[in-house]
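Chains as they are written, first to last, in our numbering: chain E, 6 to 93; chain W, 65 to 320.
Every residue gets a Cβ at the ideal spot worked out from N, C-alpha and C, and that includes glycine.
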């Protein structure tokens, strides 16, 4: 096992924990992005460039965009409900 | 369940899991020492017999071509489900008489620098995506990765602050067709194998020289089909989600 592989694995271990322990969804999305980059690095150092590419496109653009859009929609719903309750 | 009971349960089950894992890891071969026969067989088949230099993509489109067919339609079905649900929602919102959003969405916080950067990036992203799709059987990458990279091009337009420009470049009719045509094309390419060599998804085409753009038989075609489907699928999903938040929003749609 090379030094790079060990560094990558440590980052993945720390990053996985970080994703779980960040409780605010918006921040969690960003942390998830960094975790994805760490995973990409690990796949690359373990000589799996195909998987690394899949990983970086999914956590880099595929997933965050959907999460961010969904978060915004939820906030809009909450605002709308608050407005309605304010009127009544 | 009270907190001490939960903690106790966690400690007991955690210790059990750790013991089993350690026992299992002790039984594994040393790191990097196991060279299984499977690797040699795959290398020989895909590289020697099928003339593909990227064995991973070759696996997906040759030995496991049928699995890939299943994955194609899993993606297709899940995207259809998302579209079905979100369009239903949109219908309800419109019935409720909510005002339609502002037509030109200004992305909140998009500075001139960010806009310029994304405009510069768009051709690079598209070229890289096309490269990944077309060189699936030669270098790491392939239809799936290339498809998402291709779909990221229009998204860069969104980041540049023009959601409706993104929709003009990638209109719904077009991306939906790409999704459907890609999925159908993969199944039809397989049918070609059934017709010409008698086995579904078996390669009926000339193999070419290893390392050339048109080599490894039907793999480049498969890669393009998958690329089309994945690019279409992600763009359909994204634009459905973004429609929900940007255009069909109660607040009017402009970035707050």
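In terms of CA proximity to residue 239/W, 218/W leads the group 255/W, 218/W, 256/W and 253/W. Secondary structure at residue 278/W: coil, using DSSP grouped into helix, strand and coil. For residue 217/W, not one C-beta of chain E is nearer than 8 Å to its own C-beta.
Considering only 77/W, 243/W and 283/W, the residue with the shortest C-alpha distance to residue 297/W is 243/W. Along the region 178-221 of chain W, the beta strand (DSSP E) does not occur as any fully enclosed run of 3 or more residues. Residue burial annotation: residue 246/W is buried, with at least 16 other C-beta atoms found within 10 angstroms of its C-beta.
Inside the region 221-299 of chain W, DSSP marks no whole beta strand (DSSP E) run of 3 or more residues. The shortest CA-to-CA distance from residue 188/W to any of 208/W, 221/W, 200/W and 175/W is the one to 221/W. A residue is called buried when at least 16 other Cβ atoms come within 10 angstroms of its Cβ; residue 235/W does not meet this threshold and is exposed. Contact annotation for residue 13/E against chain W: no contact, minimum CB-CB distance about 14 Å [criterion: below 9 Å].
Judged by DSSP secondary structure, residue 59/E falls within the alpha helix (DSSP H) whose first and last residues are 54-62. Excluding the 5 residues flanking it on each side, residue 267/W has same chain C-beta neighbours closer than 6 Å at 281 and 282, in chain order. With contacts defined as CB atoms closer than 8 Å, residue 215/W and residue 299/W qualify as a contacting pair.
Residue environment for residue 99/W: exposed (fewer than 16 other C-beta atoms within 10 angstroms of its C-beta). Residue 251/W sits close to residue 133/W, with the two beta carbons spaced by under 8 Å. Listed in chain order, the beta strand (DSSP E) runs fully inside the region 9-47 of chain E amount to none, counting runs of at least 3 residues. Between residue 204/W and residue 107/W, the C-beta gap is not smaller than 8 Å, which leaves the two residues out of contact. Closest in alpha carbon position to residue 95/W, among 7/E, 36/E, 70/E and 87/E, is 7/E. In this model, residue 128/W and residue 279/W are separated by some 18 Å (Cα to Cα). In terms of Cα proximity to residue 290/W, the closest of 248/W, 275/W and 305/W is 248/W. Under the Cβ criterion (8 Å, minimum of three pairs), the region 254-269 of chain W does not count as touching the region 33-47 of chain E.
A residue is called buried once 16 or more other Cβ atoms fall within 10 Å of its Cβ, and residue 52/E, having fewer, is exposed. Taking all protein chains shown into account, residue 83/E has fewer than 16 neighbouring C-beta atoms within 10 Å of its C-beta and is therefore exposed. In this chain, residue 66/E is not harboured by any alpha helix (DSSP H), its DSSP state being neither H nor E. Residue 97/W is classed as exposed because its beta carbon has fewer than 16 other beta carbons within 10 Å across all chains shown.
DSSP, read as helix, strand or coil, puts residue 114/W in coil. With respect to chain E, the C-beta atom of residue 306/W has a partner C-beta closer than 8 Å. In the three-state reduction of the DSSP assignment, residue 96/W falls in the coil class, being assigned neither a helical nor a strand state.
DSSP places residue 132/W within a helical segment (H, G or I) once states are collapsed to three.
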